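Take a look at the structure below.
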Amino acid sequence: MSNGTTNKTIALVTGANQGIGYEIVKRLASENPDYHVYMTGRRKDAIEKSAAELQSAGLDVEPLVLDVTSDESIAAAVEQVQKKFGYIDVIVNNAGINRGKTEGNLRQRLREVFDTNLFGAVEVTDAFTPLLEKSTKTRCVVFISSGLGSLAVRSDPSLGPKRDYLEYGASKAALNHATLTFASRYHGDDSWKFNTCCPGYCATSMTDYSGPDEASLGSIRAVELATLGPDGVTGTFSNRQGPLPCKERSQKDSASSSTFTRSTMTELEPTRRPFKGSCHCGETQFIVFLTFPHTLPPPRPTKEKGPRAHQEFYRCNCTTCQKAGFFHMRLNSAPEDFILLHPLDPYKDLGDYTVYQKDLHFLFCKTCGMRCFILMGQGEVTDVDLEALGVKSDGETQGNNVEGKKLTKVWRPSKDSWKEGKKFGSYLSVNGYSVDAGQEGFDLREITEKKWVGYLDWLELKSEGSQGTRFDRPWEGGAY
Numbered sequence: 001m002s003n004g005t006t007n008k009t010i011a012l013v014t015g016a017n018q019g020i021g022y023e024i025v026k027r028l029a030s031e032n033p034d035y036h037v038y039m040t041g042r043r044k045d046a047i048e049k050s051a052a053e054l055q056s057a058g059l060d061v062e063p064l065v066l067d068v069t070s071d072e073s074i075a076a077a078v079e080q081v082q083k084k085f086g087y088i089d090v091i092v093n094n095a096g097i098n099r100g101k102t103e104g105n106l107r108q109r110l111r112e113v114f115d116t117n118l119f120g121a122v123e124v125t126d127a128f129t130p131l132l133e134k135s136t137k138t139r140c141v142v143f144i145s146s147g148l149g150s151l152a153v154r155s156d157p158s159l160g161p162k163r164d165y166l167e168y169g170a171s172k173a174a175l176n177h178a179t180l181t182f183a184s185r186y187h188g189d190d191s192w193k194f195n196t197c198c199p200g201y202c203a204t205s206m207t208d209y210s211g212p213d214e215a216s217l218g219s220i221r222a223v224e225l226a227t228l229g230p231d232g233v234t235g236t237f238s239n240r241q242g243p244l245p246c247k248e249r250s251q252k253d254s255a256s257s258s259t260f261t262r263s264t265m266t267e268l269e270p271t272r273r274p275f276k277g278s279c280h281c282g283e284t285q286f287i288v289f290l291t292f293p294h295t296l297p298p299p300r301p302t303k304e305k306g307p308r309a310h311q312e313f314y315r316c317n318c319t320t321c322q323k324a325g326f327f328h329m330r331l332n333s334a335p336e337d338f339i340l341l342h343p344l345d346p347y348k349d350l351g352d353y354t355v356y357q358k359d360l361h362f363l364f365c366k367t368c369g370m371r372c373f374i375l376m377g378q379g380e381v382t383d384v385d386l387e388a389l390g391v392k393s394d395g396e397t398q399g400n401n402v403e404g405k406k407l408t409k410v411w412r413p414s415k416d417s418w419k420e421g422k423k424f425g426s427y428l429s430v431n432g433y434s435v436d437a438g439q440e441g442f443d444l445r446e447i448t449e450k451k452w453v454g455y456l457d458w459l460e461l462k463s464e465g466s467q468g469t470r471f472d473r474p475w476e477g478g479a480y
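Quick note on the UniProt record's numbering: the sequence shown kicks off at 1 and runs consecutively.
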């Protein structure tokens, strides 16, 4: 036992041979060189291979066989850590499965999923508690859960029967309860932190690699919670954007909460929030500031008579927008509400297709062809403090420390010369399809259901007595 001979922070991550667990180990060890991280998994060959990859990169990790569904395996892992260090500081309960292997037998599927997702996480935490008690640092225990374990999310009727995820969602709801129970046991003791987080919908084997986010993004919040100090939070449920609700919220809760989930795009108080977006391949990256709940704009005139400054969501049936697959999101103020992270010269580095006397640019990624925004007007490269603007770091966008501020070089529309409206030479419309779904509750389906989306029919606009954009129904068909 080397307790007393090392100042290393000892951490253990379950289910770490691939996916989010692997990325948690990688981020935890790379960002914290004073950590020794046990990466565990059921199969000896798989976990040793994964550990070797990270060890070759100079990371202080160690493979450890641990099957969270086996009490004997858990006990053996505890014994090994006890003999080598005599204590442990951090546990990340990541091991989880989506559904049982037994088809057609609901009871057995529930047992299999709960055995890993709930029983395994609770047993590991309980078994390692004596070693956690011997830690001289802040003890951090993180449970990897899911938004599907939130009763507030599950109570949303728009999810429907196709997304009931009974076994998985129920196990994660129970895990959220277990987290609060552990936190309550050490209430008032700042040296113990028990938190739950949702990694998001990531491209892993569990999701058949269908998730829009890379697994590395799913590790961000877990590592933040695994490295808390005595002033850190405990008994919380969050993702990398912020807190998540565990229970179905009352109207009073909704009115007082500042957290966006799917049901809170209709908060009573309008709130301006940053949303990240990108093209398919990630080469084009941007931040757009949107305000929810959305209020409908004044009627769109047939001819623009002055500059406009109002957030608008609409779909246009001109041939260009139809073929480009464009969902217009016009901003209150493009210079204030749009930040291009990459590339920094959109006119030079993006592909260009021009319309409207070649003044309006349908810019697109040269690699994947995705059109993230339409642009007319000038911009400039500048340094901004993203954190001061409310943009949370995802570990990917790096800034330079200048006079205590972390500044990031970005491209923004030029504020001094911007006068919104094509007639006035300035126009920017973000493609809603390129805003990352799910973050802060962003959901184009809900925006449509709330009838916040206008339908701009150019055939009607050219006719006598046109009322402009309509919100009650889509076009009759066809494109102009």
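We put the beta carbon where it would ideally sit given N, CA and C, even for glycine. These numbers were taken from a predicted model, which means no experiment stands behind them.
**Report entry** contact_flag[the stretch 121-134, the stretch 86-94] where n(CB pairs < 8 Å) is 3 or more
**Finding:** Yes: at least three Cβ pairs fall under 8 Å.
Query raised in the report: In terms of DSSP beta bridges, what is L88 paired with?
Result: Note on identity: in this sequence residue 88 is Ile, with Leu being the wrong assignment. Under DSSP, no beta-bridge partner is assigned to I88.
Query raised in the report: Near Y22, which residues of its chain fall below 7 Å by C-beta distance, leaving aside the five closest residues on each side in sequence?
Result: The beta carbon of Y22 sits closer than 7 Å to those of A16 and S50, all from its chain and outside the five residues before and after it, given in chain order.
Report task. Measuring alpha carbon to alpha carbon, tell me which of G425, C202, F119 and T136 ends up nearest A170. Result -> If you compare the alpha carbons of G425, C202, F119 and T136 with that of A170, the shortest gap goes to F119.
**Report entry** R315 burial status per 10 Å Cβ neighbour count (16 or more: buried)
**Finding:** Per the 10 Å Cβ criterion, buried.
Report task. Report buried or exposed for S258, applying the criterion of at least 16 other Cβ atoms within 10 angstroms of its Cβ. Result -> With a pLDDT of 32 at S258, under the threshold of 50, the modelled position of that residue is not reliable, and the figure given next carries that caveat. Its Cβ having fewer than 16 others within 10 Å, S258 is exposed.
Query - 8 Å Cβ cutoff met for M370 and F362 - result: If you check the CB distance, M370 and F362 do not come in under 8 Å.
Report task. Reducing DSSP to helix, strand and coil, say where V113 ends up. Result -> Of the three classes helix, strand and coil, the one that applies to V113 here is helix, per DSSP.
Report task. Please report how far the alpha carbon of L64 lies from the alpha carbon of K44, in whole angstroms. Result -> Our two residues, L64 and K44, have alpha carbons roughly 8 Å apart in a direct line.
**Report entry** alpha helix (DSSP H) runs contained entirely in the UniProt domain "CENP-V/GFA" (275-419), provided each spans 4 or more residues
**Finding:** Taking only runs of at least 4 residues, the alpha helix (DSSP H) segments lying wholly in the UniProt domain "CENP-V/GFA" (275-419) are 319-324, 334-337 and 346-349.
**Report entry** Between the CA atoms of A178 and K11 - distance to the nearest angstrom
**Finding:** Position check: residue 11 holds Ala in this sequence, whereas Lys was assumed. Our two residues, A11 and A178, have alpha carbons roughly 20 Å apart in a direct line.
Query raised in the report: Hey, out of E133, L132, L175 and E123, whose CA is closest to S145's CA?
Result: Checked all of E133, L132, L175 and E123; the closest Cα to S145 is L175.
Query raised in the report: In this structure, does DSSP put S216 in helix, strand or coil?
Result: Residue state, collapsed to three classes: helix.
Requested in this report: Could you pull out every residue in the same chain whose Cβ sits closer than 6 Å to the Cβ of Y165, ignoring the five residues on either side in sequence?
Outcome: Around Y165: L148.
Query raised in the report: So, is Y347 buried or exposed, given that buried needs 16 or more other C-beta atoms within 10 angstroms?
Result: Exposed is the call here.
Query raised in the report: Quick one: what does DSSP say A255 is sitting in, helix, strand or coil?
Result: A caution first: A255 carries a pLDDT of 33, below 50, which makes its placement in the model unreliable, though a value can still be read off. Of the three classes helix, strand and coil, the one that applies to A255 here is helix, per DSSP.
Report task. Note down, in chain order, each residue of its chain lying with its Cβ closer than 8 Å to the Cβ of K162, except the 5 sequence neighbours on either side. Result -> Here the model assigns K162 a pLDDT of 42, short of 50, so the residue's position is not dependable, and the following value carries that caveat. When the five nearest sequence neighbours on each side are left out, no beta carbon in the same chain lies closer than 8 Å to the beta carbon of K162.
Requested in this report: Classify L106 as buried or exposed, calling it buried when 16 or more other Cβ atoms lie within 10 Å of its own Cβ.
Outcome: Exposed.
Report task. Closer than 7 Å by C-beta to T116: which residues in its own chain qualify, once you throw out the five before and the five after it? Chain order, please. Result -> Closer than 7 Å at Cβ, skipping near neighbours: V68, T69, A95, G96 and I97.
Report task. May I have a chain-ordered list of the alpha helix (DSSP H) segments no shorter than 4 residues that lie completely inside the stretch 35-80? Result -> Those alpha helix (DSSP H) runs which fall completely within the stretch 35-80 and span 4+ residues are 44-56.
Query raised in the report: Which term fits Y35, buried or exposed, when burial requires 16 or more other beta carbons within 10 angstroms of its beta carbon?
Result: Classification of Y35: buried, given that the 10 Å Cβ count is 16 or more.
**Report entry** In DSSP terms, what L456 is bridged to
**Finding:** According to DSSP, residue pairing for L456 in a beta bridge involves C316.
**Report entry** Residue burial classification, C202 (beta-carbon count within 10 angstroms, cutoff 16)
**Finding:** Using a 10 angstroms sphere on the CB of C202, the tally of other CB atoms reaches 16 or more, which defines it as buried.
Query raised in the report: Pick from Q55, Q18 and D345: whose alpha carbon is nearest that of E380?
Result: If we check each option's Cα against that of E380, D345 comes out closest.
Query raised in the report: In whole angstroms, what separates the C-alpha of Q357 from that of R272?
Result: Each residue's Cα considered, the two are about 34 Å apart.
Report task. Evaluate S184 with the Cβ neighbour count: other Cβ atoms within 10 Å of its Cβ, from every protein chain shown; 16 or more gives buried, anything less gives exposed. Result -> Per the 10 Å Cβ criterion, exposed.
Query raised in the report: E304 to T319, Cα distance in whole Å?
Result: Interpretation of E304 is limited by its pLDDT of 48, a score under 50 that renders its predicted location unreliable; the figure taken from the coordinates is listed afterwards. Their Cα atoms are separated by approximately 21 Å.
Requested in this report: Please name the residue or residues paired with residue 481 in a DSSP beta bridge.
Outcome: Outside the modelled stretch of the chain, which goes from 1 to 480, sits residue 481, for which no answer is possible.
Report task. Give every residue of the same chain whose Cβ lies closer than 8 Å to the Cβ of residue 560, excluding the five residues on either side of it in the sequence, and list them in chain order. Result -> Missing from the structure shown is residue 560; the chain here goes from 1 to 480 and no further.
Query raised in the report: Buried or exposed: which applies to Q285, given that a residue is buried once 16 or more other Cβ atoms fall within 10 Å of its Cβ?
Result: Q285 comes out buried.
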